[in-house]
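Residue numbers (our numbering): 50 to 133.
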């Protein structure tokens with residue numbers, strides 16, 4: 050996996066990569082963590098919370114895998130814009 054960014058390669062060290070499926074799941078989880086870090090750095094979590102199956106797995110170690118990232122605004126805000 051020499052074509053990967055060194056930081057991602059380092060993150061992969063904690064995973065079982067014995068099969069293509071396990072490697073795919075590991076990369077998917079790492080990408081989710083990178084997305085969450087970007088949202089945090091952008092101040093997104095001042096307006097919203099992360100919840101659902103993926104949140105339970107990442108934050109509390111629940112033994113399950115969910116592909117989606119679920120968010121909800123903390124308070125209704127008609128001015129909120131993702132800026133996309």
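Yeah, the Cβ is synthetic: ideal placement off N, Cα and C, and Gly gets one too.
For the beta strand (DSSP E) containing residue i, list its first residue and its last residue.
i           : result
residue 100 : 97 to 100
residue 18  : Because the chain in this structure spans residues 50 to 133, residue 18 falls outside the shown range and cannot be described.
Which residue comes first and which comes last in the alpha helix (DSSP H) that contains residue i?
i           : result
residue 76  : 69 to 90
residue 132 : No alpha helix (DSSP H) holds residue 132; DSSP gives it neither H nor E.
residue 58  : 55 to 61
Going by the beta-carbon positions, is the gap between residue i and residue j smaller than 7 Å?
i           : j           : result
residue 173 : residue 122 : Residue 173 is absent from the model: the chain starts at 50 and stops at 133.
residue 107 : residue 79  : no
Whether or not the stretch 59 to 67 and the stretch 100 to 117 are in contact is what I'm after, with contact meaning three or more pairs of Cβ atoms, one per stretch, closer than 8 Å; do they touch? No contact exists between the stretch 100 to 117 and the stretch 59 to 67.
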